DNA sequence: TTAAAAGTTTGAATATAATTCAAATCATGA
DNA sequence: TCATGATTTGAATTATATTCAAACTTTTAA
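And the structure:
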């Protein structure tokens with residue numbers, strides 16, 4: 155992919171988008187200035203965090219998606235936050251949740267392919283405090299947090 | 155929450171946003187018309203699917219988040235796609251992935267609170283073909299799809 | 001119950017930004 | 001090298017966001 159396109163994608167992932175006030179206004183049969191005011195309020199109370207693009211990940215070389223369940227070694231058991239912080243730093247890691255039950259963490263990872271995933275996974279074991287992991291590879295994303303698949 | 159705000163949020167979840175071309179142009183030391191052209195290309199090849207808002211889910215009454223691992227009864231085992239389709243329809247279901255391993259599906263569910271989650275979970279067992287489920291409740295989202303706040 | 005305050009809507013004016021397009025430039029492969 | 005398609009550019013145009021004071025509505029507290 156062209157360098158410029160990749161750079162644009164990275165900026166669109168991080169935000170750099172904005173609401174279509176007039177479109178929303180007409181869909182809700184309201185005035186632009188009203189919608190503008192209400193959106194600014196939602197932003198002010200941080201209910202809206204940002205605006206970003208949604209991608210077809212296969213088309214931007216991030217087609218391989220896995221969920222990794224992680225249980226921590228007893229030493230760091232008391233502080234899953236720290237491990238979570240470390241994991242959050244990786245660009246391949248889309249989400250990190252601390253959870254109840256048999257596992258302490260679940261992370262969602264996106265890479266171009268299995269090889270790249272394997273490269274990433276090596277980091278996981280290298281992080282001290284990680285005891286066991288179980289990887290669930292997504293073979294089809296039927297719905298993602300952003301949009302439904304159009305088959 | 156005000157009805158209008160809720161309606162705005164629903165529209166912002168579904169899209170109704172647009173890239174900030176001039177911001178991107180200046181960040182990349184490029185011209186607006188160049189960025190415009192390249193973004194249109196990305197849209198044309200469907201690499202970009204849409205633009206939408208990212209929320210602080212606690213602030214929009216969707217603060218309770220769970221991952222549900224699902225294994226299917228042997229009858230429908232051959233067609234997890236169908237169950238996945240059904241699950242995708244629920245607005246509480248943020249993502250549906252068909253996965254490899256001990257489970258067939260993993261879904262991410264957002265509700266206002268545990269009670270609402272329980273109401274939703276009753277639907278799960280009612281769907282024929284679902285054998286076992288295991289729920290992982292997120293007690294803290296350390297990282298989610300968003301990374302940056304509003305400019 | 002009522003008056004004041006706080007919050008919201010409105011329309012018109014203004015400021016910004018997106019879009020268009022033809023010409024120029026660049027990249028590619030025959 | 002030439003020819004073709006892809007990309008970039010700048011200027012002109014169009015569309016949209018933003019601002020703001022006034023009107024209106026809802027909430028608060030006395």
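Residue numbers (the numbering used here), protein chains in the order written: chain A, 155 to 305; chain B, 155 to 305.
Yeah, the Cβ is synthetic: ideal placement off N, Cα and C, and Gly gets one too.
None of the values given here were measured: they were computed from a predicted structure.
query	result
Whether residue 264 of chain A touches residue 288 of chain A by CB criterion (7 angstroms)	no
Chain A within 7 angstroms of residue 284 of chain B, Cβ atoms only	no
Beta-carbon proximity check, residue 171 of chain B vs residue 205 of chain A, cutoff 7 angstroms	yes
Between the CA atoms of residue 197 of chain A and residue 169 of chain A - distance to the nearest angstrom	14 angstroms
Residues of the region 248-282 of chain A whose Cβ lies closer than 9 angstroms to any Cβ of chain B, in chain order	248, 249, 250, 251, 252, 253, 254, 255, 256, 257, 259, 260, 261, 262
Among B:189, B:298, B:165, nearest to residue 160 of chain A - alpha-carbon criterion	B:189
DSSP three-state assignment for residue 100 of chain A, whether helix, strand or coil	Outside the shown range of chain A, which is 155 to 305, sits residue 100 of chain A, and nothing can be said about it.
Inter-stretch contact at 8 angstroms, needing at least 3 Cβ pairs: the region 180-194 of chain B / the region 235-247 of chain B	no
Rounded Cβ spacing between residue 218 of chain A and residue 268 of chain A (contact assumed at less than 8 angstroms)	6 angstroms
N-terminal and C-terminal residue of the alpha helix (DSSP H) that residue 240 of chain A is part of	234-242
Separation of residue 200 of chain B from residue 177 of chain B, as counted between CA atoms	22 angstroms
Near-chain B residues of the region 168-199 of chain A - C-beta to any C-beta below 8 angstroms	168, 169, 170, 171, 172, 173, 174, 177, 178, 181, 182, 184, 188, 189, 192, 193, 195, 196, 197, 199
Whole-angstrom distance between residue 266 of chain B and residue 276 of chain B, CA atom to CA atom	16 angstroms
Chain-ordered neighbours of residue 297 of chain B on chain A, where CB pairs are closer than 7 angstroms	242, 247, 249, 250
Contact check, residue 158 of chain B vs residue 255 of chain A, beta carbons under 7 angstroms	no
Candidates A:213, A:292, A:297: closest to residue 243 of chain B by CA position	A:297
The beta strand (DSSP E) enclosing residue 220 of chain B, as first and last residue numbers	218-226
Three-state secondary structure assigned by DSSP to residue 195 of chain B	helix
C-beta atoms of residue 207 of chain A and residue 166 of chain A nearer than 7 angstroms	yes
Pick from A:203, A:210, A:222 that is closest to residue 261 of chain A, judged by C-alpha positions	A:222
Beta-carbon neighbours of residue 159 of chain A, restricted to chain B and to distances below 7 angstroms	192, 196
Short CB-CB distance (under 7 angstroms) between residue 207 of chain B and chain A	yes
8 angstroms CB neighbourhood of residue 214 of chain B in its chain, flanking five on each side removed	155, 163
Other residues of its chain near residue 227 of chain A: CB distance less than 6 angstroms, five sequence neighbours each side excluded	283, 285
Selection from A:203, A:251, A:245, A:225 that minimises the alpha carbon distance to residue 220 of chain B	A:251
Proximity test, Cβ basis, 7 angstroms: residue 226 of chain A and chain B	no
Chain A contact residues for residue 233 of chain B, given Cβ-Cβ distances below 8 angstroms	What residue 233 of chain B touches in chain A: nothing, since even the nearest Cβ is about 12 angstroms away.
Span of the beta strand (DSSP E), counted from its first residue to its last, around residue 264 of chain B	259-265
Secondary structure of residue 270 of chain B, DSSP reduced to three states	helix
Top-ranked residue by Cα proximity to residue 292 of chain B, from B:194, B:195, B:211, B:245	B:211
Of the listed residues B:209, B:216, B:253, B:224, nearest to residue 193 of chain A (C-alpha basis)	B:209
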